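Residue numbers (this note's numbering): -2 to 174. Written below as structure tokens is the structure these notes are about.
Have a look at this one:
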């Protein structure tokens, strides 16, 4: 099991490990707690993402309890993948990693869980040779992602992301690094 360690801002004892199909019931519970009923993706959709890019999907646990997760995958082009639909395939050559979903239980927010999961995705994406990361931020999450170095990109989004959703991107390296 990989451990996030005691990095600044991360609660001691936070463990990150690769997601598995056996984790999907816990992921669905976390998803509902994070988003309510509006943005629920089915176990089938999430299982397909896991099948296509398992090395970019992580579960965060605190005391053995799932407190967060991230699903990411490679992606190319200017837009975003559809929501609520299984991906048929991923591009062989990708310019960037795509953070499809990162959620943290309300009780674990502010403990560094999201930052630890995002750091794991950044490391995966850098190792894959991507130029950057992209994601679709739901309207109320834009400030959160901005704090993590993402900025808005012009794009028409597929249906389902909701009013005010925004495609965002960031380089893999911090500009000051």
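Yeah, the Cβ is synthetic: ideal placement off N, Cα and C, and Gly gets one too. Treat the numbers as computed from the prediction; the structure is a model and nothing was measured.
Would you kindly check if the distance between the Cβ of residue 76 and the Cβ of residue 134 is under 8 Å?
-> Here residue 134 refers to the residue found at position 137 when the chain shown is read from its first residue. Here residue 76 refers to the residue found at position 79 when the chain shown is read from its first residue. Their beta carbons are not under 8 Å apart, which means residue 134 does not touch residue 76 by this criterion.
Pick helix, strand or coil for residue 11, following the three-state DSSP scheme.
-> The residue labelled residue 11 in the question sits at position 14 within the chain shown. The answer is strand: DSSP assigns residue 11 an E or B state.
Relative to the alpha-carbon of residue 53, which residue among 112, 24, 28 and 125 has its alpha-carbon at the smallest distance?
-> One-based indexing of the chain shown puts residue 53 at position 56. Considering only alpha carbons, the answer is 125.
If we count the other Cβ atoms within 10 Å of its Cβ and call it buried at 16 or more, is residue 101 buried or exposed?
-> In the chain shown, counting from the first residue as 1, residue 101 sits at position 104. Residue 101 is buried by the Cβ-count criterion.
Can you grab the Cα-Cα spacing for the pair residue 86 / residue 48, in whole Å?
-> The residue labelled residue 86 in the question sits at position 89 within the chain shown. The residue labelled residue 48 in the question sits at position 51 within the chain shown. Cα to Cα, the separation comes out at about 10 Å.
In the DSSP assignment, what are the bridge partners of residue 72?
-> Along the chain shown, one-based indexing puts residue 72 at 75. Its beta-bridge partners are 93.
So what does DSSP say about residue 144, is it helix, strand or coil?
-> Along the chain shown, one-based indexing puts residue 144 at 147. Note: residue 144 maps to helix in three-state DSSP.
Using the Cα positions of residue 79 and residue 42, report the straight-line distance between them to the nearest angstrom.
-> Looking up residue 79 in the chain shown gives position 82. Looking up residue 42 in the chain shown gives position 45. For residue 79 and residue 42, the distance between alpha carbons rounds to 11 Å.
When the Cα of residue 22 is compared with those of 38, 10 and 12, which residue comes out closest?
-> Within the chain shown, residue 22 is the residue found at index 25, counting from 1. Here the closest residue by C-alpha is 38.
Where does residue 117 sit, in a helix, a strand or coil, going by DSSP?
-> The sequence position of residue 117 within the chain shown is 120, counting from 1. Reduced to three states, the DSSP call for residue 117 is helix.
Compute the Euclidean distance between the alpha carbons of residue 44 and residue 18, then round it to the nearest angstrom.
-> Sequence index remark: in the chain shown, residue 44 carries index 47 (1-based). Sequence index remark: in the chain shown, residue 18 carries index 21 (1-based). Distance between the alpha carbons of residue 44 and residue 18 is about 6 Å.
For residue 105, three-class secondary structure by DSSP | The count along the chain shown starts at 1 and reaches residue 105 at position 108. It is helical.
Near residue 10, which residues of its chain fall below 7 Å by C-beta distance, leaving aside the five closest residues on each side in sequence?
-> Within the chain shown, the letter at position 13 stands for residue 10. For residue 10, where only same-chain residues beyond five positions count, the Cβ hits under 7 Å are 59 and 60.
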